Structures are given as C-alpha cells and as structure tokens.
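Undergrad:
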Amino acid sequence: MTKADIISEISTKTGIEKVDVQETVEAFFKVIKSSMIGGENVYVRGFGSFVVKKRAQKTARNISKNTAIIIPEHFVPSFKPAKVFVDKVKNNSKKLSVEA
Numbered sequence: 000m001t002k003a004d005i006i007s008e009i010s011t012k013t014g015i016e017k018v019d020v021q022e023t024v025e026a027f028f029k030v031i032k033s034s035m036i037g038g039e040n041v042y043v044r045g046f047g048s049f050v051v052k053k054r055a056q057k058t059a060r061n062i063s064k065n066t067a068i069i070i071p072e073h074f075v076p077s078f079k080p081a082k083v084f085v086d087k088v089k090n091n092s093k094k095l096s097v098e099a
C-alpha cells in the first residue's frame, strides 16, 4: 500500500476531499520527522513508537583493501509497533495462511 492508496482510502471512508487528506498526512509525517530530527521520540498509543536509536562506535573491515574502518557513533530512526498492534497482525496472519 502506498501513501496515495492511504490518502485515497481515508478520503473514501471519511468523505473528506483527497487534497485535504493529503495535506493532513503530509503534516503528520513532517511533525514526526522534525521531532525525531530534534531527538524526540513519538508515541502513538495502540499503533507504535517512532524512536531514535543510538548506534555505538564500532570498527568495521574493508575486505577489498584489508583495512579497518572506524564507524563513529550515530543515531538512526526506528519504529517499534505496539503490542496490541503486533497481536492483531499475528492473529490475522494465521487466518490468512490457513485460508491460502
């Protein structure tokens, strides 16, 4: 499912015009991005958490040149789904695999 599909489905279910739904969805993503860039985590109850994870400094190998490379510590965005959400997906996936 793409962002356009999501916008279309929300528009159909709510009766709100696609343009307004698109602006809202874009604003939602912009808020999440800016919050995470600022180092804040975003929690959506019942859905999941958008968190910033710290990766420690580590030594890697460049196999072709046979040299060691130091990768500095850095931060990466991550998503952790809520337990309720995970359980619903698990239960529904079992039904789908049995029917197939």
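Number 70 in numbering that gives the first Met the number 0 belongs to position 71 of the sequence shown; there are no gaps in the numbering.
Beta carbons: idealized from backbone N, C-alpha and C, even for Gly.
Note that the structure is a prediction, hence the values are computed from the model and not measured.
So, using beta-carbon positions, are V18 and K52 closer together than 7 Å?
TA: Locating residue 18 in the sequence shown gives position 19, where the first residue counts as 1. Locating residue 52 in the sequence shown gives position 53, where the first residue counts as 1. No. Outside cutoff.
Undergrad: One question on the structure: do I36 and V20 come within less than 7 Å of each other, judged by their Cβ atoms?
TA: Position 37 of the sequence shown, counted from the start, is the residue given in the question as residue 36. Position 21 of the sequence shown, counted from the start, is the residue given in the question as residue 20. Result no, Cβ atoms of I36 and V20 do not sit closer than 7 Å.
Undergrad: In whole angstroms, what is the alpha-carbon distance linking A99 and K64?
TA: Numbered from 1 along the sequence shown, position 100 holds the residue referred to as residue 99. Numbered from 1 along the sequence shown, position 65 holds the residue referred to as residue 64. Only weak support is given to the placement of A99: the predicted model assigns it a pLDDT of 49, under 50, and the value that follows is read from those uncertain coordinates. So the two alpha carbons sit approximately 49 Å from each other.
Undergrad: Near G38, what residues of its chain come up, given a Cβ to Cβ distance below 8 Å and the 5 sequence neighbours on each side ignored?
TA: Residue 38 sits at position 39 when you count from the first residue of the sequence shown. Closer than 8 Å at the Cβ level, and outside the excluded window around G38, lie V51, F74.
Undergrad: Would you mind working out which of I31, E22, V83 sits nearest S77, comparing C-alpha positions?
TA: Translated into the one-based positions of the sequence shown, residue 77 becomes position 78. For S77, the nearest C-alpha among the options comes from I31.
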